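Taking it in order: structure first as structure tokens, then the write-up.
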Amino acid sequence: MGQDKQKSVRGFSKLSKTDKIRWIAENFFKEPELVKKELISFWHPNADQQKILDGFSENTLSNFMLPYGVAPNFIINDKTYCVPMVIEESSVVAAASSAAKFWSNKGGFKTEIIGTTKIGQVHFTWQGDISKLRKVFPELKEKLLEDTSHITANMRKRGGGILDIELLDLNHLETDYFQLKVSFETCDSMGANFINSNLEAFGKTLSQFLATHPVFEGEEKNVTIIMAILSNFTPDCLVRASVECPIAELGDFEGMSANVFASKFKKAVTIARIDPYRATTHNKGIFNGIDAVVLATANDFRAIESCGHAYASKDGQYRSLSQCSLENGIFKFWLDIPLAVGTVGGLTRLHPMANRSLEMLGNPTARELMGIIASVGLAQNFAALKSLVTTGIQKGHMKMHLLNILNHMEANENETAQAVIYFEKNMVSFSSVRDFIVSIRENKTIPTIK
Ligand code: HMG
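Start counting the sequence shown at -15; every next residue gets the next number (this note's numbering).
Structure, rendered in structure tokens:
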């Protein structure tokens, strides 16, 4: 108890970065000097760049590194992309690349933007007469738009802004509860700040309107704005990515005919449509790809994930986000996913690597980026299912994971080179790699690999 007390601190946020590091190192680690050096060793060598990174968050001590990779050969709407991916899990980039290569001579990926509308809400309680409010709602709407015209001016010039404002009476769910449900077009930005600024201004206008409009004269001035905030559930900011080809063109898979493959593949997707346990893993595979590109472009992966999973449950049961059909000899596989992403604003241009990611993608619009991200999600899902219904997942995944196991075993360069050759033809598992390394170490027969 006494020891734990020492570990709490007041005013930590006001300490300098060096003092924060010292305090953490001295209070939580057995080798504080080593830890201090380690944390500092991950600082960016350019102090200006480090300052930018520090500014993204709070109480920053250092940087947390993740691999930045690329998946080449993505043909999307007849354009070839090399897609940047930030992910710590082995085999994800390889799987996306392999599916991109697979579909590159079969027409590639096609995408369709179904909508780009985003949603925000002003939640309020009020004991007034809703029929009166409905009557004067057009007047309120006009006032809301007028009072936010300075906030929306630039977005309107770009073709976006506030699309609609609805008044929802939700008294049947919660006493005195009403809502302004607002839809927005935010063009190339994800739009969170724009939406929230408008909603907060709406809250003020709404309070004033209800308190001062003559139609409510004599009634109690009892409106309470509970909160004004965007919704991360954006089912109408939706993209479809798809691939298709004649079943025969799928080719053979390790001795499995194209027909058998296609029908096993479709069955695997159907199972993920009906069984939530399987759907969760299936969608995790899709998000392997999606999150990696969302991270590489410094978009908000928490928003994308929460929205994707809400969308997967939109009919009351959690289901696979992708679907498959086999009709008239054609294999078709597609993914509908809401993706509220931006290519301007937020950290997209501020993060030096995200800026490079967008450049690598040819500085896409938000709509184009939605298509790229959805295609990578679909590619990832295709590669995972292809492995699952043919060889099983472990063969390819463990092949890629081999280096992690070797690093864990502190294998030297020679041992690693031997292991890579040996495991080309042998099954990788933690114990098989450990046994292999132990055996070559014990035999002391480590030939030099040329
Ligand atoms: P393979 O057939 O052994 O690969 O597949 P290959 O050596 O024949 O190479 C074919 C292509 O794959 C390459 O073409 C690359 O595009 C790519 P090339 O570059 O030679 O012209 N590729 C690589 N790219 C980069 N680095 C590499 C590399 N190796 C191949 N080292 C592969 C191997 C891993 C691709 C395959 O087995 C596969 O796709 N497996 C699926 C892996 C997977 O889905 N991993 C995700 C983690 S598991 C998970 O979390 C999700 C899951 O549970 C979801 C679900 O259940 O649905 C599975």
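Using N, Cα and C, we set each Cβ at its ideal position, and we do this for glycine too.
Fair warning: this is a prediction, and the values are worked out from it, not measured in the lab.
query	result
Residue closest to ILE231, alpha-carbon to alpha-carbon, out of THR109, SER309 and PRO51	SER309
Three CB pairs or more closer than 8 Å across the region 189 to 203 and the region 114 to 132	yes
Cβ-based neighbour list, VAL166, same chain, cut-off 6 Å, excluding 5 preceding and 5 following	GLY104 and ILE149
Exposure of GLU352, with buried meaning 16 or more beta-carbon neighbours within 10 Å	buried
First and last residue of the uninterrupted alpha helix (DSSP H) at CYS291	285 to 296
beta-carbon SER371 near the ligand HMG non-hydrogen atom, thresh 6 Å	yes
Burial state of ARG286, where buried means 16 or more other Cβ atoms lie within 10 Å	exposed
Where LEU194 sits in the DSSP three-state scheme	helix
Identified DSSP bridge partners for TYR65	PHE58
In chain order, each alpha helix (DSSP H) run of at least 4 residues that lies wholly inside the region 328 to 405	336 to 344, 350 to 373 and 377 to 392
Closest by C-alpha distance to ARG224, when choosing among VAL76, CYS66, GLN378 and TRP318	TRP318
Residue from ALA55, VAL207 and ALA296 with nearest C-alpha to ASP160	VAL207
Minimum C-alpha distance to ARG340 - residue among ALA282, THR375 and LEU369	ALA282
For LEU305 and GLY292, believed in contact at Cβ under 8 Å, the rounded distance	7 Å
Option in LEU222, LEU194, GLN34 and VAL227 with minimal Cα separation from ASP113	LEU194
Contact check, ASP153 vs PHE162, beta carbons under 7 Å	yes
Nonlocal neighbours in the same chain, by C-beta distance under 7 Å from GLU72, ignoring five residues either side	LEU50 and PRO51
ARG6 versus TYR65: straight-line alpha-carbon distance, rounded	45 Å
The ligand HMG heavy atom lying under 6 Å from the CB of GLY239	no
C-beta atoms of ALA350 and THR332 nearer than 7 Å	no
Rounded separation between GLU233 and LEU151 - CA only	53 Å
Enclosing beta strand (DSSP E) for HIS107 [first to last residue]	102 to 109
Local conformation of PHE13 per DSSP, three classes	coil
Where ASP62 falls, given that 16 or more other Cβ within 10 Å makes a residue buried	exposed
Proximity to ILE36 [Cα-Cα], best of LEU334, ALA403 and ASN388	LEU334
Helix, strand or coil at ALA324 according to DSSP, with G and I counted as helix	coil
Of the listed residues ASN43, PRO322 and VAL67, nearest to PHE(-4) (C-alpha basis)	ASN43
Proximity of GLY269 and ALA358 at Cβ, strictly below 7 Å	no
Anticipated Cβ contact below 8 Å, SER46 with PHE26, distance rounded	5 Å
Near the ligand HMG: HIS197 beta-carbon under 6 Å from a heavy atom	no
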